[in-house]
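Participant: Just dropping this structure here.
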Amino acid sequence: MTTATTRANTTTTGSPTATTTVRGRLTALGRAELTLLLRNRTAVFIALLMPAAMVMAMKSTFEQIDLGGTGLTVAGAALTGGIGTVLIQAVYMNMVAAYVARREELVLKRLRTGEVTDGEILTGTALPAGALALTQTALIIVAGSAFLGLGAPERPELLLLGLAMGLVLLTALAAATAVITRTVQTAQLTTLPLFFASMAGSGLFVPLEVLPDRLASVCELLPLTGVMTLVRAGWLGTTEGTDLLGAALTGLVWTVLAVFAVRRWFRWDPRR
């Protein structure tokens, strides 16, 4: 029996005491990670200010694109794209660096010697980044509804589903990317493929509706495309039911693959 399995079995699942214990451990991990995040001024700057800059860049880009027939306005396309940018930068890019840093500093290895399970370690470490992303998303929605005439989310349940799926997926992808990332510095490079692929092909900078059909079909298979489809449908209500089902399935498949990769290959010891 593996160490992770042994530790996971020390707590009886399903009981109120077990639930309280898990919640307490996650809270403690999240609080510690929040303290470390706030000390990293560069990470805080990127997480807080870069999405706003990206929204302005997206707005300029969308003003040059003919959105006729897509059901999108310039403001709607830019702000929903801004939500995707928040998810990528605040969760994915930030968490790759965080997982690598904690691994190289032996923090993850020390945590595994206690009662905390592997899943709790990875989840607790990601809680501050997830909370930051949700806060920024809420601010984007409030600003869009109050000042840009987009209105309140038309289908809040789809918006919440898209955000939840995005947080889980990008956290898992961050842990998977950490496997091939040797140092915090190289995290700036290993995160670029997903960043650029999502920006170009998941509807953040260019709506899939304006792409050629064959290219759009390929882009629909990218990891973040399903999440963005759900987010746009939840806020703007611009997507058909069959497209929503396909988006949810795409996001689910990528999430399962990412979780499998983490369970199979994630490294807890420093890379030498």
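Here the sequence shown stands for residues 198 to 469, where the numbers follow my numbering. Glycine included, C-beta positions come from ideal geometry on N, C-alpha and C.
#1: Please confirm if the region 305-323 is in contact with the region 351-362, defined as three or more CB-CB distances below 8 Å between the two stretches.
#2: Taking the Cβ atom as the reference point for each residue, do T419 and S399 lie within a distance shorter than 8 Å?
#3: I need the straight-line Cα distance from A444 to E417, nearest angstrom please.
#4: Mind checking whether V293 and A375 have CB atoms under 8 Å apart?
#5: For F402, tell me which candidate among I318, V415, T422 and A384 has the shortest Cα-Cα distance.
#6: When DSSP labels each residue in this structure, what does P420 get in the three-state scheme?
#7: Below 8 Å, how does it come out for the region 279-295 and the region 319-329: are there three or more Cβ pairs, yes or no?
#8: So, at 6 Å on beta carbons, what are the nonlocal neighbours of G273 in its own chain, with the 5 sequence-adjacent residues on each side left out?
#9: Is the distance from the Cβ of V288 to the Cβ of A394 below 8 Å?
#10: From which residue to which residue does the alpha helix (DSSP H) around A295 run?
#11: Any idea what DSSP makes of T217, helix, strand or coil?
#12: Put T452 into one of helix, strand or coil per three-state DSSP.
#13: Just to confirm, is the Cβ distance from L276 to I318 under 8 Å?
#14: Leaving out five residues before and five after M396 in sequence, what residues of the same chain have Cβ atoms less than 6 Å from its Cβ?
#15: Find out if the Cβ-Cβ distance for the pair L284, L386 is shorter than 8 Å.
#16: Is the distance from the Cβ of A373 to the Cβ of A455 below 8 Å?
#17: Within a Cβ cutoff of 6 Å, which residues of the same chain sit near P350, ignoring the five residues on either side of it in sequence?
#18: Using a threshold of 8 Å, state whether the C-beta atoms of G321 and L231 are closer than that.
#19: For T383 and P390, what's the separation of their Cα atoms in angstroms?
#20: What is the DSSP secondary structure of A371, counted as helix, strand or coil?
#21: Quick one: what does DSSP say Q333 is sitting in, helix, strand or coil?
#22: Measuring alpha carbon to alpha carbon, tell me which residue in L269, R464 and T426 is nearest L446.
#23: Please state if the CB of F392 and the CB of M253 are separated by a distance shorter than 8 Å.
#24: Just tell me which of I280, E302 and P404 has its CA closest to the CA of A339.
#25: Taking V459 as the reference, give the member of R220, D440 and G316 with the closest Cα.
#26: Would you say R300 and R461 are within 8 Å of each other, going by their C-beta atoms?
#27: Which of helix, strand or coil does DSSP assign to A349?
Facilitator: So, from the listed chains and residues:
#1: no
#2: A small fix is needed here, since residue 419 is Leu in this sequence, not Thr. Yes; because the gap between Cβ atoms is below 8 Å, this pair is in contact.
#3: 8 Å
#4: yes
#5: T422
#6: coil
#7: yes
#8: L347 and L433
#9: no
#10: N291 to E301
#11: helix
#12: helix
#13: no
#14: F402
#15: no
#16: yes
#17: L356, G431 and W432
#18: no
#19: 13 Å
#20: helix
#21: helix
#22: T426
#23: no
#24: Per the sequence shown, residue 339 should be read as Val rather than Ala. The shortest Cα separation from V339 among I280, E302 and P404 belongs to I280.
#25: G316
#26: no
#27: coil
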